[in-house]
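Written below as structure tokens is the structure these notes are about.
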Amino acid sequence: MLIAAGCYCAYRYYESDVLPEKQLDEADEKQLELFNEVKPRLPENNEDSAKDDTQESLLEAAEEVNDAIVAWLTIPGTHIDYPVCQAEDNDFYLHNGFDGQYNYELGCPFLDYRCEGDFSGFNSIVYGHHMTRQRMFADIDLFKDEAFFNGHNTGQLILNNDVHTVQFFAYLNVYPTAPAYHAVFVMDSEKQEYLEYIEETADHCTLSVDELMDMFSSDDGDSFDDLHLLLLSTCTYEFDDARGILVGLIE
Numbered sequence: 000m001l002i003a004a005g006c007y008c009a010y011r012y013y014e015s016d017v018l019p020e021k022q023l024d025e026a027d028e029k030q031l032e033l034f035n036e037v038k039p040r041l042p043e044n045n046e047d048s049a050k051d052d053t054q055e056s057l058l059e060a061a062e063e064v065n066d067a068i069v070a071w072l073t074i075p076g077t078h079i080d081y082p083v084c085q086a087e088d089n090d091f092y093l094h095n096g097f098d099g100q101y102n103y104e105l106g107c108p109f110l111d112y113r114c115e116g117d118f119s120g121f122n123s124i125v126y127g128h129h130m131t132r133q134r135m136f137a138d139i140d141l142f143k144d145e146a147f148f149n150g151h152n153t154g155q156l157i158l159n160n161d162v163h164t165v166q167f168f169a170y171l172n173v174y175p176t177a178p179a180y181h182a183v184f185v186m187d188s189e190k191q192e193y194l195e196y197i198e199e200t201a202d203h204c205t206l207s208v209d210e211l212m213d214m215f216s217s218d219d220g221d222s223f224d225d226l227h228l229l230l231l232s233t234c235t236y237e238f239d240d241a242r243g244i245l246v247g248l249i250e
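Now the structure itself:
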């Protein structure tokens with residue numbers, strides 16, 4: 000009986016812990032190989048990243064695999080170096096990889112379906128899983144440490160025809176129903192209220208609303224036309240359904 004019980008426990012451990020992690024490892028290795036094949040290769044001289052209409056897309060290689068790609072996101076000093084896709088809902092890429100195939104819940108970073116696919120809206124929200132071994136968006140969790148945040152406050156967002164620097168200025172720890180996930184804005188007053196919410200809610204924030212308004216104000220009074228936020232969201236486990244959100248400016 001004891002031997003049988005021991006064998007059963009070992010089997011249950013293999014089924015519940017060892018096998019899922021093995022499947023994740025294999026899916027991750029396969030997906031990283033694909034990412035390496037399709038990652039944009041930027042020109043060495045990138046002072047003027049804008050491309051004219053006659054040039055091929057910077058995401059051309061990735062688009063040949065999946066035309067749902069909208070960007071490539073990189074944060075130096077982290078493991079985040081991934082394509083970003085967009086589907087008709089916020090469910091598909093929670094379970095499927097960049098190639099559109101199920102990959103044992105590893106998923107692929109994706110842009111909220113409510114957001115503009117070219118990141119031209121006021122708020123662009125990108126989601127990714129928090130997986131073991133710092134896979135996918137697990138490194139977002141590191142930004143809760145202010146020293147780490149200050150040392151890794153820039154990223155790169157590659158679109159099909161341009162390369163943008165992202166300046167990260169805030170980190171939030173919220174519930175999934177928080178106002179941070181508001182994606183559609185009509186009035187400038189709504190945008191200002193949203194920025195005030197970020198400043199008040201953030202664990203740390205390096206740009207105030209007043210500073211942002213000074214940066215983006217114009218003579219005709221349209222303060223937010225050129226202000227484009229990028230939010231990176233993942234689970235962080237401080238409490239039930241906790242979410243960590245890294246907030247940046249797309250420059």
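Residue numbering for the sequence shown follows numbering that gives the first Met the number 0, starting at 0 and increasing by one per position. Built from N, CA and C at the ideal position, the CB exists for glycine as well. This one's a predicted model, so the numbers in the text were calculated from it and none came from an experiment.
| task | State buried or exposed for Y101, treating a residue as buried only when at least 16 other CB atoms are found within 10 Å of its CB. | result | Taking the first residue of the sequence shown as position 1, residue 101 is located at position 102. Burial call: exposed.
| field | Same chain, Cβ closer than 6 Å to G5, five either side skipped, listed in chain order | value | Counting from one through the sequence shown, the residue named residue 5 turns up at place 6. Residue placement at G5 cannot be trusted, given a pLDDT of 46 that sits under 50; what the coordinates show is reported in the next sentence. There are no such residues.
| query | For H151, which of P75, E20, Q30, I244 has the nearest alpha-carbon? | reply | Taking the first residue of the sequence shown as position 1, residue 151 is located at position 152. Looking at the Cα atoms, P75 is the closest of the given residues.
| Where do the ends of the beta strand (DSSP E) carrying Q155 lie? | Locating residue 155 in the sequence shown gives position 156, where the first residue counts as 1. Start and end: 153-157.
| task | Pick helix, strand or coil for A61, following the three-state DSSP scheme. | result | As a working mapping, residue 61 is identified with position 62 in the sequence shown. DSSP places A61 in helix when its eight states are reduced to three.
| According to DSSP, is Y81 helix, strand or coil? | If you number the sequence shown from 1, residue 81 lands on position 82. Strand, per DSSP.
| task | Evaluate contact between the region 142-159 and the region 65-72, counting only Cβ atoms and requiring at least three cross-stretch pairs below 8 Å. | result | Verdict: yes, contact present.
| Nearest to R132 by alpha carbon, out of H78, D239, E63, F91? | In the sequence shown, counting from the first residue as 1, residue 132 sits at position 133. Minimum Cα distance to R132 is reached at H78.
| message | Could you check whether A137 and T233 sit closer than 8 Å to each other, using their CB atoms as the reference points? | response | To locate residue 233, count along the sequence shown from 1; it is residue 234. To locate residue 137, count along the sequence shown from 1; it is residue 138. Yes, Cβ-Cβ distance for T233 and A137 is below 8 Å.
| said: Helix, strand or coil for L231? Go by DSSP, reduced to three states. | reply: For the purposes of this step, residue 231 is taken as residue 232 along the sequence shown, with counting starting at 1. L231: strand per DSSP, three-state reduction.
| task | Reducing DSSP to helix, strand and coil, say where M186 ends up. | result | Residue 186 sits at position 187 when you count from the first residue of the sequence shown. Note: M186 maps to coil in three-state DSSP.
| query | Ordered along the chain, which non-local residues of its own chain (more than five positions away) have a Cβ less than 8 Å from that of A49? | reply | Taking the sequence shown and counting its residues from 1, the one referred to as residue 49 is at position 50. Note that A49 scores 49 on pLDDT, short of 50, meaning its location in the model is unreliable and no value can be drawn from it.
| To the nearest angstrom, how far is it from the Cα of Y193 to the Cα of V83? | As a first step, residue 193 must be located in the sequence shown, where it is residue number 194. As a first step, residue 83 must be located in the sequence shown, where it is residue number 84. Near 24 Å, if we compare the C-alpha coordinates of V83 and Y193.
| request: Please determine, among F223, M135, A86, the residue with the shortest C-alpha to C-alpha distance to M212. | output: In the sequence shown, counting from the first residue as 1, residue 212 sits at position 213. If we check each option's Cα against that of M212, F223 comes out closest.
| message | If I measure Cβ to Cβ from P178 and keep anything under 6 Å in the same chain, skipping five residues before and after, which residues do I get? | response | Numbered from its first residue, the sequence shown carries residue 178 at position 179. Excluding positions up to five away in sequence, the list reads Y196.
| said: Rounded to the nearest angstrom, what separates N265 and R242 at their Cα positions? | reply: The shown model of the chain, from 0 to 250, leaves out residue 265, and the question about it has no answer.
| query | When the Cβ atoms of the region 88-104 are set against those of the region 56-68, are three or more pairs found closer than 8 Å? | reply | yes
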